[in-house]
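Protein chains in written order, with the numbering used here: chain B, 1 to 289; chain A, 290 to 578; chain G, 579 to 867; chain P, 868 to 1156.
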């Protein structure tokens, strides 16, 4: 056997595209972080330094900004599909392209009870994401959010777990449950690569459903909570094929105040940084066992 | 001349205190990052390794958590004043103590149109801060916020500036103005160390005023905008003696789309990371010149 | 079709394990960041909140620290193999376990020309990594490094690339090439799960070879440089089956000093943060085409 | 009393200046992060939006890069003094200017036992710093380092400290002492603003002395260690007037392995993130009491 090139791809990461829509005096803003990556038969660039089939990452960057103007940004998904299509068209040897977008939300600044026309304050909180993967045969869209930080101050337990000789954790009947969630849902492929979909409406609906399910589900483990959240999303959204979670269990430890003559019935906690539990799960459609 | 100990202080930084108020089924949450620091005659610890007058940083930590229970956290300012008073009382050789608090806000998760009793989502956006400095003679309270990210998509210019042979910047008649602001306002000392003040109401009012002034002031430079914001706060709040700003000018550069046959009348920008302008200014009370 | 649980796993991430070996007066230190994750039939925890087969992440943490004592840390790989074996043994329904380790290196502080017995300074620079994946059938070891920041001030070009109407980049005959490299090499499975291997010696040899190849290879693109580095490693190390790279092209842009009457023949650069090129490639063994 | 402008300054922060010296085939590299800030009578910019006396931050950036060529970078101090002088000269109403520089060190990549001519690997570890403050009357130079991470695995105790009812910490006879140090030393003003000084040699000497003193001083508290380090520097360097430290006590907690039937005589520790002790001290010249 010899030594050969395996899987490879290349692109421009973290293009900070800010698009102002100023067709009227009431401006709109979209604030994106865009990464593109092409894959295909780029072997000659690796083995012979031959760039003749390599669309430069600088050109990918230019295209990302030009498409913010030419195509506009009605949603991250719609923009990513268009941008990916262009990059694939411009690169004959490419088999596929991945476009990742992170979006920060902005709110209008409130002045005298109304949102201002052209002044905004960044919302903070979670980042909306999409990863669009295009080949010559079609598109796959996976949308989601990251760093959605949620906490329940009661309604969570963890007990009856497997024990071995290294287990010191006591059963917990009532604890804080907190996580900084990443969720990604994969859309059922559309005949039209999803061009008719209202991606923004689905995003808002899924986000609201995730939050409400987190709030209202009694939790016997973070695993159970994630599964309930995933179920709720799949039940409500036929257009979603699958949803995946990565959820650090951000531990809040009850502080022992007894040495100071104080009781602490679930009132004072220390929030820990590391280590943290990390729970990952996918909820999908299939035959129940 | 010999070699001597100069200014010194010590404490525990970044205690992550989370306090749940669960007196009723409708819980409240306060999420703080607390740092304490004592100063005074701690020379013997430095020169002779004598710890007999040194209240351990571990004890300062314990006290920060105990006070979250004993005194509670109606506001960062009120809690910091109480905690600082305790630490000063417990450390005879201390002349002064500084307590810094950063607070993250949480919102109730909305379920069926109403906020949930015990499930929360972290708001994101700016962090509320306070720095309380106590001596045996009194207290100084400086409150503020950091990382308030604001942007105007028009209503900002920068022109007529000083030029030298290294100046290449053209005049700008219409640009994006954006910053991640830090503001800190110093309260007029109160007879009672401010114990009767409604710190939360003032915070909300100042924050709203800063935002509204940013939105509605035409900007001929970030300096002018900051000064206007400071003036507005001092005019509205007699209890505030002074306000200081540190405001990175987060540059958004208009992308040149002309090579691609596209015009770009203030629509597509690249958000830059570094370098950034950094404007710092204090607005205070005094005799006008 | 119904809604079912898909792939899932859970564990404790970022256990900061510091191990001092003090059998003699000349101490040794290993400074690790350890993450473990179990997978298998944990469906009941998700669907019914039944934890009876779930070894708590807290127990995984305890085991990580206990194994630093019981088994010791002669290398990240050796420790990870032992820890993974224990976790798999302790969890009957687990099919597999992944143990990831990041290691920071420390040097002895030099005193009078010799390394001190028990005082250390952290080396900085790259982090050594290993990811060990164990199933009931065997082990896979992937070792590497991340954040190895390297730069060539000449000996790099980029030209003759594919152009379209969004291409503005000129050919570059002589540029800075810089990257913060992540490399991961997969070991050929050993009959004994690698227990006889000298993981530390291989790490040092591969690191040196990556650096020397980077330095001495004329670069017609970062892709070519990565491929050369991978080839060199596979040629020299039969025990390595495959090596993968993720390499951000950290752009250094030549500053235009002509407006100031200064030439700039490759002397003054601005280092950019974002966007950056991102090149990913695997070099493997196989039939050459 | 009216409302007036208080202290203010402005500039360009974090210019990432990379300078290659390529006068011979053996290149040199300096990798700086440069921030400049002007102060003086800039009131009109704040109150009237009048920029006529304001040298743009963009011009400050241009000058930082031009000076890397015109003046060169023999040391951060020398470059900062020259750059500051230029900015002050170019801005009539400025009273003073501050130039801050952070420098990352690079090593030559070793090939066949020798350092390569034009290939480098970033050293990591501590960052060298300087803050030069210039007025029309003279210069003050404060140099230092930050993030020098050091650890002693024995030779450190903490006991006999002040106790109150919130003290639970036991005496420690033998503990890990670790910190990520920031040190800054102020130079005695020179008749020539220090232009004849060998800043690089002093930096290397102070760094070595700090490390050696940390290593060889038995520590009864971090305070005592810092004071010893400061004394050693002032005793050896007449050109240094004062040295200040900020040193987080990076706690390493001994893990209780007794529940698992294992003893742990100072061998296995968990490195904690937050909270941390924070010790700040200045050692200066003056009359001993």
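Backbone N, C-alpha and C fix where the C-beta goes; we use that ideal spot for every residue, glycine too.
With the criterion set as a beta carbon lying under 8 Å from some beta carbon of chain B, the members of the stretch 1023-1052 of chain P are 1032, 1033, 1035, in sequence order. Nearest Cα to residue 557(A) within the set 18(B), 115(B), 73(B), 50(B): 18(B).
The beta-carbon separation of residue 432(A) and residue 465(A), rounded to 29 Å, does not stay under the 8 Å limit for a contact.
A contact is defined here as three or more CB-CB pairs under 8 Å, and the stretch 579-596 of chain G fails this definition with respect to the stretch 1002-1017 of chain P. For residue 1081(P), no beta strand (DSSP E) run applies; the uninterrupted alpha helix (DSSP H) run containing it begins and ends at 1066-1083, by DSSP. Residue-level contact by beta carbon fails for residue 537(A) and chain G, as no gap is shorter than 8 Å. One alpha carbon belongs to residue 581(G), the other to residue 214(B), and they sit about 18 Å apart. Scanning chain P for C-beta atoms nearer than 9 Å to the C-beta of residue 565(A) yields 879, 880, 881, 924, reported in chain order. Ranked by Cα distance from residue 162(B), the options 692(G), 669(G), 848(G) are led by 669(G). Distance between residue 824(G) and residue 725(G), taken at the CA atoms: about 10 Å.
Here residue 156(B) is bridged, per DSSP, to 219(B). In the DSSP assignment, residue 172(B) falls outside any alpha helix (DSSP H), carrying neither H nor E.
Under the Cβ criterion of 8 Å, residue 442(A) is counted among the residues facing chain B. Rounded to whole angstroms, the separation of the alpha carbons of residue 877(P) and residue 924(P) is 8 Å. If you check each beta-carbon in the stretch 789-803 of chain G against every beta-carbon of chain P, the ones closer than 7 Å belong to 789, 790, 792, 793, 794. The beta carbon of residue 383(A) is closer than 6 Å to those of 327, 329, 377 in its chain, skipping five residues each way along the sequence. Counting the other Cβ atoms within 10 Å of the Cβ of residue 277(B) gives 16 or more, which makes it buried. Measuring C-alpha to C-alpha distances from residue 421(A) to each of 310(A), 475(A), 356(A), 363(A) identifies 475(A) as the nearest. By the Cβ criterion, the stretch 333-348 of chain A is in contact with the stretch 1085-1098 of chain P, since at least three pairs of Cβ atoms, one from each stretch, lie closer than 8 Å.
The DSSP assignment places no complete run of the alpha helix (DSSP H) inside the stretch 375-446 of chain A (cut-off: 4 residues). With a threshold of 16 other beta carbon atoms within 10 Å, residue 1126(P) falls short and is exposed. In the DSSP assignment, residue 936(P) falls within the alpha helix (DSSP H) that extends over 924-937. The beta-carbon distance between residue 933(P) and residue 840(G), rounded to whole angstroms, is 6 Å. This is short enough to meet the 8 Å contact definition. Within the model, the alpha-carbon separation for residue 652(G) versus residue 679(G) is close to 13 Å. Counting the other CB atoms within 10 Å of its CB gives residue 1055(P) a total below 16, which places it among the exposed residues. Taking CB atoms only, residue 357(A) has a neighbour in chain B less than 8 Å away. In terms of Cβ geometry, residue 227(B) and residue 283(B) form a close pair [threshold 8 Å]. Residue 334(A) counts as buried, since at least 16 other C-beta atoms from the protein chains shown sit within 10 angstroms of its C-beta. Interface with chain P (8 Å Cβ-Cβ cutoff): residue 696(G) is included. Counting only Cβ-Cβ distances below 7 Å, residue 562(A) has contacts in chain G at 851, 852, in chain order.
Distances from the CA of residue 1092(P) to each of 1076(P), 1103(P), 1107(P) were compared; the closest alpha carbon is that of 1076(P).
Comparing alpha-carbon positions, the option among 987(P), 949(P), 943(P) lying closest to residue 1068(P) turns out to be 943(P). Excluding five sequence positions before and after residue 30(B), the CB atoms of its chain that fall closer than 6 Å to its own CB belong to 19, 73, given in chain order. Close to residue 844(G), with beta-carbon spacing below 8 Å, are these residues of chain P in chain order: 887, 889. DSSP, reduced to helix, strand and coil, places residue 479(A) outside both helices and strands of the structure shown, so it counts as coil. Residue 501(A) holds the alpha-carbon nearest to the alpha-carbon of residue 110(B) among 539(A), 538(A), 485(A), 501(A).
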